[in-house]
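Taken in order, these protein sequences are the chains called A and B.
Reminder that position 104 of the first sequence reads as 104 in our numbering, one-by-one numbering, no gaps.
Add 1000 to the 1-based position in the second sequence for our numbering, that's all there is to it.
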Amino acid sequence: MSWRNGIRERAKKALDKPPKYGIDVDVTNFIPKKISINVNLSEYSNELSLVGIDVSEKERMGSFYQFESQIIKAIAKHPGVELMSLEDAIDEYGKDILEWFWNAVPVDQDKFTAIAELKGKGGYFIRVKKGVKLKIPIQACLLMREHGSLQAPHNIIIAEEGSEVNVITGCMMMRETIGLHAGVTEIYIDRKARVNYVMIHKWSRAMYVYPRTGVIVKEGGEYVSHYIAFTALKALQALPKVVLYDAAHAYLSSILALEGDAKADTGYVAYLQGNNASVQIVSRSITKDNAEIIARGKIIGKTNDVKGHIDCQGLLLSTKSRIVAVPQLIAESQDVSLTHEAAIGKLGEEKIIWLMARGFSREEAESILIRGFMSVDITGLPKNLAMLLKGVLKMIAKSVV
Amino acid sequence: MHLLICKDLKVSVGTKIVVKDATFYVNENELVLLYGPNASGKTSLAMAILGHPKYKIVNGRIIFDGRDITNMSMEKRVKLGLTATFQFSPDLRGITLEELAFEIASRYGMSQDQMFKLIELLKLHELLKRDVNVGFSGGERKRVELFLTALQKPRFVIFDEPDSGVDPESLALIGRAISEMVKNGLKGGLIITHVGYLAKYINATRAYVMIDGTMICHGDADLISNHIFRYGFKMCIKRFKGEIYELEEWNKRKS
């Protein structure tokens, strides 16, 4: 594949390039692995439901499973959508894949994009045809369990003009062992198309997580993203970049509930590139034990009549944890409306007492308040996806107390 | 039979004594009014009876349903069916009223029919999908507080100023909701008020007056209510100072 040589050359040059934010990692310590066990997904149904994956696949329009570097399944249930592994997509599209390959995320962004190109395996390719609207979600499940493993899939989602697709991605480390997850996701949303994207992460105490995401939303398109990470991990750094053209809109939320010694540096960057583009960036950070979260949000208003708002809230559940809110607004045109609000605090004791007077135990009261704290706007999601998200957040609120 | 007895209660918050001396009782099937001017210690008394950990009982006893609950945790008191409506209920962002109501109702075995009846009665339809108390008016908050408390099917409730800052229409609804609670098993209540607006909507038997952390008089609810409506707390203070002895006597003198 000579067309890929140039890309690989650029990647090689970036192999030592550290991430802009977060702690640096020696990526050479990790290699892609095969699974050492036989996989029967139904045995994992309870665990997988924690990250939104339904192995019965009843309420799913398609399913993709990747365990370590192996693709277990890639099936779509609708003729208007293509769902396959990236390798299969490259076979099928050949050089034409370049239209969606490393355009939303630069291959030489840092060592993690580089390693994904050079060593990464798998990833899903979802292409929804013009005008096809799929309310029932497609699920993608990325699992790890091997010691010292690198999982660096390259995912591509294409929503053609006027189409709609809902995607749930659930990623999980199945054992308490060390690993590196550096998935790349590129999302291309054409004119008046819509993508609702929910990503749920559950890792182990020794996991390094460095996903790289780029989204391009064309005229009148809509992108809704909810990123959820809970329990412990070693380090997480992610800053998806979303570019919005004329009258495009995005709602970008990240909900983190981290414990142990987790260190996270996450958020979104939105470029309001076209007139009347708008974005809302929402973050809800919860820290327990010694966890630390840096919650970023950055909006760059480049043209006229654009609107952007950042809402950054933090909740400390321990005295040793730490939250930093970094909202940033950049106006490069006079007619922009950019605003932000940020607040960090602890659970209100009077609210707990009031809920206890309403018959809840202290733990239940705290869990209700945490659930409320984590709630973000889910009105843009189809009902089943909204219910799923609510269920996951409820479970997290219970487990974090 | 006495449902709740408080004897010689002295309550502190931090280093400050907020209730100096409170002795009173509420019989089974009785609603009792507790009057008092602002900052007289009424809410502190309510919180101490509820078991709020910030309010320490330094002296005296609380007997509920024949059990000494003076040192019992708030959680256990609520489990016994004792609770309070709060004067200032908090905003719960991200939790809809409907969500919370269903959680409380299912925990206390309140049927959907009973719940919908309360929603109807308190005119809460339009608030159900909204976050609890967020942006609610004073009257709406009081109605919601009554509603959520009613879902607990409590045996005894201290209503902390359910009538303050409330429009006349809400006042009538609150009165009716308390009657509905009685139908659902409420055996007694202490209604704290400093204005007494609610007195005409409920069937209170007796009333107490608390001033400066001390329970200074008690008697027939109508008698005391009428006095306070006419003269404010003046006469209570006089009595407290030993200037007069019985309300009846004061009444006669005035007429």
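All C-beta atoms, glycine included, are put in the ideal place defined by N, C-alpha and C.
Every value quoted in this text rests on a predicted model; they were computed, and no experiment measured them.
| Query | Result |
| --- | --- |
| What's the gap between the Cα of S399 of chain A and the Cα of S204 of chain A? | 15 angstroms |
| Taking 8 angstroms as the cut-off, decide whether the C-beta atoms of I216 of chain A and V198 of chain A are in contact. | no |
| With DSSP run on the structure shown, which of helix, strand or coil describes Y130 of chain A? | Inspection of the sequence shows that residue 130 of chain A is occupied by Lys rather than by Tyr. Note: K130 of chain A maps to coil in three-state DSSP. |
| So which residues on chain B does S375 of chain A lean against when the C-beta distance must stay under 8 angstroms? | R1093, G1094, I1095 |
| Do I228 of chain A and A270 of chain A have their CB atoms nearer than 8 angstroms? | no |
| Do L347 of chain A and L381 of chain A have their CB atoms nearer than 8 angstroms? | no |
| In whole angstroms, give me the CA-to-CA distance for G162 of chain A and V132 of chain A. | 7 angstroms |
| Evaluate H1218 of chain B with the Cβ neighbour count: other Cβ atoms within 10 Å of its Cβ, from every protein chain shown; 16 or more gives buried, anything less gives exposed. | buried |
| Less than 8 angstroms between the beta carbons of L1005 of chain B and Y1025 of chain B, yes or no? | The residue you asked about is not Leu; residue 1005 of chain B is Ile in the sequence shown. In contact: I1005 of chain B and Y1025 of chain B (Cβ atoms closer than 8 angstroms). |
| Taking a Cβ distance cut-off of 9 angstroms, strictly less, list which residues of the stretch 324-351 of chain A are near chain B, in chain order. | G348, E349, E350, K351 |
| Going by DSSP, what residue range makes up the beta strand (DSSP E) through R296 of chain A? | 292-301 |
| When you compare each of A:H181, A:H78, A:F230, A:G301 to G62 of chain A by their alpha carbons, which one comes out closest? | A:H78 |
| For M356 of chain A, go through chain B and note every residue whose CB falls closer than 8 angstroms to its CB, in chain order. | M1074, E1075, V1078 |
| Less than 8 angstroms between the CB atoms is what I'm expecting for L1223 of chain B and L1198 of chain B, so what's the real figure, rounded? | Between L1198 of chain B and L1223 of chain B the Cβ distance is about 17 angstroms, and since that is not below 8 angstroms, they are no contact. |
| Would you kindly work out how many angstroms separate the C-alpha atoms of M1 of chain A and I97 of chain A, rounded to a whole number? | 12 angstroms |
| Should K129 of chain A and V195 of chain A be called a contact, given that it needs their Cβ atoms to be closer than 8 angstroms? | no |
| Could you pull the start and end residues of the alpha helix (DSSP H) that R4 of chain A belongs to? | 2-13 |
| Assign L1128 of chain B to one of two classes, buried (16 or more other C-beta atoms within 10 Å of its C-beta) or exposed (fewer than that). | exposed |
| Output the boundary residues of the alpha helix (DSSP H) element that contains V239 of chain A. | A small fix is needed here, since residue 239 of chain A is Leu in this sequence, not Val. Element bounds for L239 of chain A: n/a, residue is neither H nor E. |
| I'd like to confirm the pairing. Which residues does DSSP put opposite P327 of chain A in its beta bridges? | A:G297 |
| For the structure I just gave you, are there three or more beta carbon pairs, one from the stretch 1098-1108 of chain B and one from the stretch 1057-1064 of chain B, closer than 8 angstroms? | no |
| In the stretch 1042-1070 of chain B, which residue ranges form an unbroken alpha helix (DSSP H) of at least 4 residues, counting only runs that do not cross its ends? | 1042-1050 |
| Which bits of chain A does T1083 of chain B rub up against, with CB to CB less than 9 angstroms? | A357, R358, G359 |
| Roughly how many angstroms lie between the CA atoms of A343 of chain A and V1058 of chain B, to the nearest whole one? | 38 angstroms |
| Taking the alpha-carbon positions, what's the K1234 of chain B to K320 of chain A distance? | 54 angstroms |
| Between I158 of chain A and W102 of chain A, is the Cβ-Cβ spacing less than 8 angstroms? | no |
| Please classify D91 of chain A as buried or exposed, where buried requires at least 16 neighbouring CB atoms within 10 angstroms. | exposed |
| Are the stretch 57-77 of chain A and the stretch 102-111 of chain A touching, with three or more C-beta to C-beta distances below 8 angstroms? | no |
| Just to make sure I have the definition right: I need the residues of chain A whose C-beta is within less than 9 angstroms of the C-beta of I1104 of chain B. Which are they? | R358, G359, F360 |
| Could you check if M1001 of chain B is buried or exposed, using at least 16 other CB atoms within 10 Å of its CB as the buried criterion? | exposed |
| What are the residues of the stretch 179-199 of chain A that lie near chain B, defined by any Cβ-Cβ distance shorter than 8 angstroms? | none |
| Could you tell me which uninterrupted beta strand (DSSP E) segments, each at least 3 residues in length, are contained entirely in the stretch 65-133 of chain A, listed from first to last along the chain? | 70-76, 81-85, 124-128 |
| Could one say the Cβ of F1086 of chain B lies closer than 8 angstroms to chain A's Cβ atoms, at least one of them? | yes |
| Taking beta-carbon pairs under 8 angstroms, can you tell me which members of the stretch 1032-1052 of chain B lie near chain A? | L1050, H1052 |
| For R1130 of chain B, return the contacting residues in chain A, with the cut-off set at a CB-CB distance below 7 angstroms. | By Cβ distance, chain A contributes nothing, its closest Cβ being about 13 angstroms from R1130 of chain B, past 7 angstroms. |
| Please check the pair E1028 of chain B and L1003 of chain B, which I expect to be a contact at CB under 8 angstroms, by giving their CB distance rounded to whole angstroms. | 5 angstroms |
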